[in-house]
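Contents: one structure, followed by commentary.
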Amino acid sequence: MADISRIAVVGASLAGLRAVQTLRSEGFAGDITLIGEEAHRPYNRPPLSKSVLRGDDDVTLPGAEEIGGEWLRNRRAVRLRLDGAGSAGGGAGAAAAGAGGGSVTLDDGAEIPFDGLVIATGARPRRLAERPGGVHELRTIDDALALRADLAGHRNLVIVGGGFIGGEIASTARALGLTVTLIDAGPYPMHRVLGTDSARWLAAHHRKNGVELISGVRVAGFEGGGRVTGVRLEGGRSIPADLVVAGMGIVPNVEWLEGSGLALDDGVVCTPSLFAEGTSTIVAAGDVARWRHELYGGALVRVEHWANANGQGAVAARNLLAGPESAVPYADVPSFGTHAHGARIQAAGLPHLADEARTVHGAPEEDSFAVAFLRSGVLVGAVGVNAPKELNRLKRGIAAGDVLEVAAS
Ligand SMILES: Cc1cc2nc3c(=O)[nH]c(=O)nc-3n(C[C@H](O)[C@H](O)[C@H](O)COP(=O)(O)OP(=O)(O)OC[C@H]3O[C@@H](n4cnc5c(N)ncnc54)[C@H](O)[C@@H]3O)c2cc1C
């Protein structure tokens, strides 16, 4: 067990909360300081694009009541200093500091010393620089309440980006009776995540449910002075809008770590057991962590889904207490689920790594099917549409690195 008596957890959302709960349930009796930029108690984000937009405000994250008095809310970490690290960054600095502790500087200048650190600062939406009123992003409960208020007063919604959040908002807004246009740069929405057949099915499903879909084109900017009146596409076409949601992906919140010596590359670069590379007392978890996934030959993977943040928060905390020698790798199969106009879409593994896709159950025309994704014959990913049992079977196959099961079905 590592010699740690003060732990700082930065980021008070799902991964951070799970880390705190696990530290205590594993018997850690030292000081824990949980630092969070948001004013709210930790809450669940998945309902923000679903039930919250329909009027249900219950986003309670179970366990949030257990945090107690060690929680600094409304406070942002702006800098990380590692004991023993030189003034310049670089992996060697982190390695020198990795055995010891350091401190986190907050936006009010306070210094929080630690000998163990959990980084759980998640991610934020990519933003377009030029944004008139009526252009929304969706990441926080405040974003969701602002969008809900605007949905009630406007008719003509344009969604920029057809990822799962964009798709869920499209679905919710159609159910509320709005006119919805979904603009996506790919050939079909979610093409990279779902593969061609499932993404083509999703495009047709959006259209069948009254969504105007514009694919294969990028947005150049917005029109309107005080309030948005339209979305300008590259090539000059303009789409009328009185309300816009921009869902163009997210970027990990790592700016506060710059210059600390930690390796940063689209997230905090971590070992298979979630230690920041070159350190033995700093772990990362959730949307901000980019770790070497043992199931995929040590490829660096960053996953932006609930189950990942939930699982990693716990494993990272346990590993921090155990120390790198006794730590276990986090090698769960990435997975997520979403709903679009009543259909249940689930994905597991990393379909984009595949060189072959096989429909192993049902058919797109039946609105119920599952696709297995293989790389050199090995199962690496799966997508299911209204096929939860099949998806679970494939997910087990991915974890086992199995291909025979699929071939036999
Ligand atoms: C609208 C929406 C719908 C979603 N739906 C689904 C779904 O259906 N299924 C699914 O699997 N996933 C879904 N997700 C994704 C899922 O919610 C995330 O993967 C999960 O929230 C990640 O948790 P996290 O703790 O790693 O990061 P976050 O939830 O992003 O939390 C990070 C926290 O750190 C704080 N923070 C950031 N920087 C600092 C700093 N410098 N100092 C202090 N605090 C800081 C942030 O304010 C935030 O509170 C959805 C996400 C959104 C936004």
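So that you can map any letter, position 374 of the sequence shown is 374 in the UniProt record's numbering, and since no number is skipped, the others follow by simple counting.
Every residue, glycine too, gets a C-beta built ideally from N, C-alpha and C.
>> Our contact map puts V371 next to A357 with C-beta atoms below 8 Å; I'd like the distance itself, whole angstroms only.
In response: That belief holds up - the Cβ atoms of V371 and A357 are roughly 5 Å apart, short of 8 Å.
> Is V238 helix, strand or coil when you go by DSSP?
Replying inline: Per the sequence shown, the amino acid found at residue 238 is Ser instead of Val. The three-state secondary structure of S238, taken from DSSP, is strand.
>> Shorter than 7 Å, the distance from the beta carbon of N253 to the closest heavy atom of ligand 1, or not?
In response: True, at least one ligand heavy atom lies under 7 Å from that Cβ.
> Quick one: Cα of D57 to Cα of S51, how far?
Replying inline: The straight-line gap separating the alpha-carbon atoms of D57 and S51 is approximately 8 Å.
> According to DSSP, what are the bridge partners of I141?
Replying inline: For I141, which the question treats as bridged, DSSP gives no partner whatsoever.
> Are the Cβ atoms of E234 and V217 separated by less than 8 Å?
Replying inline: Cβ atoms of E234 and V217: closer than 8 Å.
> Taking the DSSP output, what are the residues bridged to A370?
Replying inline: Beta-bridge pairing by DSSP links A370 to H361, G384.
> For ligand 1, any of its heavy atoms closer than 7 Å to the Cβ of D287?
Replying inline: Taking non-hydrogen atoms of ligand 1 into account, the C-beta of D287 is found less than 7 Å away from one of them.
> Which of the three DSSP states, helix, strand or coil, is assigned to F28?
Replying inline: In the structure shown, F28 sits in coil (DSSP, three-state: anything other than H, G, I, E or B).
> Which word fits T281, buried or exposed, when buried means at least 16 other C-beta atoms lie within 10 angstroms of its C-beta?
Replying inline: It counts as buried.
> Alpha carbon to alpha carbon, how far is D150 from G134?
Replying inline: One alpha carbon belongs to D150, the other to G134, and they sit about 8 Å apart.
> Exposed or buried, what is K395 when buried is set at 16 or more other beta-carbons lying within 10 Å of its beta-carbon?
Replying inline: The residue in question, K395, is buried, as its Cβ has 16 or more Cβ neighbours within 10 Å.
> Would the beta-carbon of W256 fall within 8 Å of that of L14?
Replying inline: No, these two residues do not count as a Cβ contact at 8 Å.
>> My output table needs one value for A215: the three-state DSSP class, helix, strand or coil.
In response: Per the sequence shown, the amino acid found at residue 215 is Ser instead of Ala. S215 falls in the strand class under three-state DSSP.
> When the distance is taken between beta carbons, is V283 closer than 8 Å to V254?
Replying inline: Contact: no.
> Near R207, what residues of its chain come up, given a Cβ to Cβ distance below 6 Å and the 5 sequence neighbours on each side ignored?
Replying inline: Excluding residues within five positions, the ones whose Cβ falls inside 6 Å are L213.
> In three-state terms, what does DSSP make of P125?
Replying inline: Strand.
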